[in-house]
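*Asks:* Mind having a look at this structure? Questions to follow.
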Amino acid sequence: MSPERSKNLLDALHKRQVGLAVVLENVEDPHNVSAIMRTCDAVGIQDIYVICTKVPFRKKWGVRSSRSADKWITTHQFESVEECFVVLRSKFAKILTTDVSADAVGLYDVDFTGSIALVFGNEQNGVSDEVKQLCDGKFVIPQVGIIKSLNISVACAVTVYEAYRQRSLAGSYNNPTLPTEKMENLFTEWSFKRRSTINDL
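According to my numbering, the residues represented by the sequence shown are 367 to 567, in order.
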């Protein structure tokens with residue numbers, strides 16, 4: 367690997383945000399998941415948690431729309447909501463979900479600078495009542511149109527870029543947050559995947 371490519375990987379790893387993650391509940395369209403992966407990579411989110419109680423486990427998530435973003439993201443899949451939330455509670459101080467209920471706060475009133483996991487739901491039905499009850503709060507993306515609804519990948523992008531904005535202002539991207547061992551393991555894994563990607567072109 368050239369020094370330039372090595373530097374690119376290290377630069378990305380140094381900006382990965384341990385305290386920020388996305389959770390997807392029963393998202394049906396793999397291309398939506400792929401688009402979300404691509405956005406997560408762009409803002410330094412390493413871990414995506416996928417709850418599959420009504421959709422099948424997948425090995426691939428629409429590679430074309432993600433431009434192989436799944437190579438750089440760690441995906442954790444669960445067949446149980448409870449199992450997923452046990453893991454989330456062990457890693458994040460707060461879990462919030464999108465919702466349009468009266469008690470949801472506006473996106474721009476949420477503090478994204480701390481340790482937080484963000485839950486997005488199924489394209490048709492949104493986040494389940496079970497998951498809502500397990501979350502610490504709800505937020506809504508302000509809208510003034512007629513439809514009052516966004517595609518899940520767009521909603522996720524709007525949300526995590528607000529998180530990116532807040533965390534950038536707070537200096538969260540100035541210093542590495544990944545533990546040394548995890549960073550080294552990811553660098554080794556990425557180096558291999560980088561060579562594989564280049565060889566496939």
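Ideal Cβ positions, reconstructed from N, Cα and C, are used throughout, including at glycine.
Below 8 Å on the Cβ atoms is my contact criterion, and I expect V416 with L386 to pass it. Report the Cβ-Cβ distance as a whole number of Å.
*Replies:* No, V416 and L386 are not in contact; Cβ-Cβ is about 16 Å, not under 8 Å.
*Asks:* Of the choices N491, A483, P508, Q383, whose alpha-carbon is the least far from that of S456?
*Replies:* Of the listed residues, the one whose Cα sits closest to S456 is A483.
*Asks:* Inspect the beta-carbon positions of V476 and V485 and report whether they are closer than 9 Å.
*Replies:* Cβ atoms of V476 and V485: not closer than 9 Å.
*Asks:* P510 to E555, Cα distance in whole Å?
*Replies:* Looking at the sequence shown, residue 510 is not Pro but Val. Computed Cα separation, rounded: 44 Å.
*Asks:* Looking at C522: is its Cβ nearer than 9 Å to the Cβ of I402?
*Replies:* Cβ atoms of C522 and I402: closer than 9 Å.
*Asks:* Rounded to whole angstroms, what's the CA-CA distance from P369 to L376? Just pull it up for me.
*Replies:* Between P369 and L376, the C-alpha separation is close to 10 Å.
*Asks:* For the beta strand (DSSP E) that D413 lies in, which residues bound it at each end?
*Replies:* That run of the beta strand (DSSP E) goes 413-417.
*Asks:* Opposite L484 in the DSSP bridges: which residues?
*Replies:* In DSSP, L484 forms a bridge with V388, L462.
*Asks:* When you compare only the Cα positions, how much space is there between S372 and K559?
*Replies:* For S372 and K559, the distance between alpha carbons rounds to 12 Å.
*Asks:* Can you tell me which of the three DSSP states F558 falls into?
*Replies:* Reduced to three states, the DSSP call for F558 is helix.
*Asks:* Where do the ends of the beta strand (DSSP E) carrying K504 lie?
*Replies:* That run of the beta strand (DSSP E) goes 503-506.
*Asks:* Identify, in the order they occur along the chain, each residue of the same chain with its Cβ nearer than 7 Å to the Cβ of S467, setting aside the five sequence neighbours on each side.
*Replies:* Contacts found: K504.
*Asks:* Could you have a look at T543 and say whether DSSP puts it in helix, strand or coil?
*Replies:* DSSP places T543 in coil when its eight states are reduced to three.
*Asks:* Among A408, F451, V452, F444, whose alpha-carbon lies nearest the alpha-carbon of S434?
*Replies:* For the residues A408, F451, V452, F444, the minimum Cα distance to S434 belongs to A408.
*Asks:* Where DSSP assigns a beta bridge to G472, which residues make up the other side?
*Replies:* G472 is bridged to V506.
*Asks:* In chain order, what residues of the same chain have a beta carbon less than 7 Å from the beta carbon of A536, not counting five sequence neighbours either side?
*Replies:* T479, listed in sequence order.
*Asks:* What does the alpha-carbon distance come out to for the pair T440 and I512?
*Replies:* C-alpha separation (whole angstroms): 36 Å.
*Asks:* By the three-class DSSP mapping on this structure, what secondary structure does T525 have?
*Replies:* T525 falls in the helix class under three-state DSSP.
*Asks:* Going by CA-CA distance only, name the one from V384, E528, E449 that's closest to F458.
*Replies:* Closest by alpha carbon: V384.
*Asks:* I'd like to know whether the C-beta atoms of C418 and F444 end up nearer to each other than 9 Å.
*Replies:* Contact flag set, yes.
*Asks:* Mapping DSSP to helix, strand and coil, what is T572?
*Replies:* Because the chain is modelled from 367 through 567, residue 572 falls outside the range shown and cannot be assessed.
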